[in-house]
Structures are given as structure tokens and as C-alpha cells.
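Asker: Got a structure for you, written out below as C-alpha cells; questions coming shortly.
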Amino acid sequence: MTTGFDRPLASAVAHINASTRDRIDAASLLAALRAEVVPPEHEHHVRDFLYETEVETLSDLVRGGAVSYAALARLAQRYLPAAHDTRTWLDERA
Numbered sequence: 001m002t003t004g005f006d007r008p009l010a011s012a013v014a015h016i017n018a019s020t021r022d023r024i025d026a027a028s029l030l031a032a033l034r035a036e037v038v039p040p041e042h043e044h045h046v047r048d049f050l051y052e053t054e055v056e057t058l059s060d061l062v063r064g065g066a067v068s069y070a071a072l073a074r075l076a077q078r079y080l081p082a083a084h085d086t087r088t089w090l091d092e093r094a
């Protein structure tokens with residue numbers, strides 16, 4: 001089944017996996033992004049996702065129904081410095 005967020009999620013996963021020794025699949029990343037508490041084994045993936053994913057891709061994921069701006073903003077508050085552009089951008093939309 002194809003969703004409205006398959007392409008941006010696949011792009012984000014490919015980008016993260018290119019820069020980490022521990023690979024993650026799309027379903028695991030999505031579950032970690034949606035979780036109330038990120039599983040410890042995926043914290044570095046979520047942090048890398050927030051640091052490396054372009055805001056256009058984040059917007060595509062939200063518009064496609066993968067995750068909400070509020071959920072991403074909560075994660076950004078945990079994993080990104082307060083002055084980080086992505087964190088500021090998400091805070092404005094949450």
C-alpha cells in the first residue's frame with residue numbers, strides 16, 4: 001500500500017543510513033518519530049533525522065500524514081539546540 005509520505009520517508013531514511021553505521025528501516029524510523037518515548041536504540045537515528053532532513057521533507061511528511069508538526073517539535077526540543085533553524089521552524093508550526 002502506498003501512502004502520501006512514502007517518498008519523503010524513503011529519502012530521509014536513505015540520507016540517515018548514508019551517514020550512520022547502524023542502519024534503520026522506514027517502518028522503524030516512523031515508529032520512533034511517532035512514539036511517546038523514542039526507543040534508546042533509535043535515539044541517534046531521530047537526532048540525525050532532525051539535524052539532516054530538510055524542512056521541505058519534514059513538511060512533506062506532515063502533509064502526507066506520517067507525523068504531526070507537534071510531534072516533530074517535541075522531538076526537536078529534545079534533540080536540537082534552541083537556536084537551531086529546524087527547531088525554530090518546527091516550533092512555529094506546532
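Quick note, in this note's numbering, the sequence shown goes up one by one and the last residue is 94. Ideal placement from N, C-alpha and C gives every residue a C-beta, glycine not left out.
Would you tell me roughly how many angstroms separate the C-alpha atoms of Leu95 and Tyr51, rounded to the nearest one?
Answerer: The shown model of the chain, from 1 to 94, leaves out residue 95, and the question about it has no answer.
Asker: Are the segment 53 to 66 and the segment 36 to 45 touching by the rule of at least three beta carbon pairs closer than 8 Å?
Answerer: With a cut-off of 8 Å, the segment 36 to 45 and the segment 53 to 66 do not count as touching, because too few Cβ pairs lie within range.
Asker: Cβ atoms of Pro8 and Leu75: under 8 Å apart, would you say?
Answerer: No, these two residues do not count as a Cβ contact at 8 Å.
Asker: Return the chain-ordered list of same chain residues with a C-beta closer than 6 Å to the C-beta of Arg87, the five sequence neighbours on each side being excluded.
Answerer: Result list for Arg87: Ala76 and Leu80, in chain order.
Asker: Output needed for Ser28: all residues of its chain with C-beta closer than 7 Å, excluding positions within five of it in sequence on either side, in chain order.
Answerer: Result list for Ser28: His42, in chain order.
Asker: At the level of alpha carbons, what is the spacing between Phe49 and Asp6?
Answerer: So the alpha carbons of these two residues sit roughly 16 Å apart.
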